[in-house]
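Just so we're aligned, residue 1 is where the sequence shown starts under the working numbering, counting upward by one. The C-beta atom is built at its ideal place from N, Cα and C for all residues, glycine as well. Values in this document were obtained by computation on a predicted structure and should not be read as measured data.
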Amino acid sequence: MTRPNEYRAYFTLVGEFDPADISRRLGLEPTSSWKKGDLNPRTQLERKHSRWNLDSRLEQSASLEEQVADVLEQLKPCSAAIRDLRVTVDGGMQLIGYFYTNYPGFGLDDGILSELAQLRLGIDCDFYYLHSDKREDS
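Okay, here's the thing in structure tokens:
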């Protein structure tokens, strides 16, 4: 049986900062974060930069468009602080899609694009097509 497609979206800030300072400035707790110099538990190597991430709260079955909208909804109360941070800190919206059954297409409406632009956020898409044309019952 083929797995259903999975989607994930998250806001990320990357640079040289203390993640606790970012949390304080935004008034939000990250889904994940680390500080430059922390050890990566998978590689045991030091992190080369700090990172602060805020994930969508939706299940991974929700579309990418819904995932992005949910992240933006969480960021609305701190939009001015994000615009200020983006002057000195790299950031963007990360989109990840694992396509097991088909590629459903991807698009963002003008409202979401406007919100991303106001926050000075680019989009990075990592899409993985994992569907096989080989029939499972053969």
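Closest by C-alpha distance to residue i, when choosing among the options
i, options, result
"Glu-16", "Asp-109, Gly-122, Gln-118 and Asp-90", "Asp-90"
"Arg-57", "Val-71, His-49 and Lys-48", "Val-71"
"Asp-84", "Thr-43, Arg-120 and Gly-27", "Arg-120"
"Leu-13", "Ser-61, Asn-53 and Lys-76", "Asn-53"
"His-131", "Tyr-98, Ile-112 and Gln-118", "Tyr-98"
Anticipated Cβ contact below 8 Å, residue i with residue j, distance rounded
i, j, result
"Pro-41", "Pro-30", "About 17 Å; that fails the 8 Å criterion."
"Arg-51", "Ser-33", "6 Å"
"Leu-28", "Cys-78", "6 Å"
"Gly-92", "Gly-111", "The pair is not a contact, with the Cβ atoms about 18 Å apart (cut-off 8 Å)."
Extent of the continuous alpha helix (DSSP H) to which residue i belongs
i, result
"Ser-23", "19-26"
"Asp-84", "79-85"
"Ala-117", "110-118"
Straight-line Cα distance separating residue j from residue i
i, j, result
"Thr-101", "Gly-37", "40 Å"
"Thr-88", "Asp-55", "22 Å"
"Leu-26", "Ala-81", "6 Å"
"Leu-64", "Tyr-7", "6 Å"
"Gln-67", "Ala-9", "5 Å"
Residues near residue i by beta carbon distance below 7 Å, same chain, minus five either side
i, result
"Glu-115", "Leu-72"
"Cys-125", "Leu-95"
Start and end residues, beta strand (DSSP E) containing residue i
i, result
"Leu-58", "That residue, Leu-58, is in no beta strand (DSSP E); it is neither H nor E in DSSP."
"Arg-8", "6-15"
"Leu-39", "Taken as a continuous stretch (DSSP letters only), Leu-39 belongs to no beta strand (DSSP E), as it is neither H nor E."
"Tyr-128", "122-129"
"Gln-140", "Outside the shown range of the chain, which is 1 to 138, sits residue 140, and nothing can be said about it."
Neighbourhood of residue i by C-beta distance below 8 Å, restricted to the same chain and skipping five residues each side
i, result
"Leu-39", "Leu-45, Glu-46 and Arg-47"
Same chain, Cβ closer than 6 Å to residue i, neighbours up to 5 away in sequence not counted
i, result
"Tyr-128", "Tyr-98"
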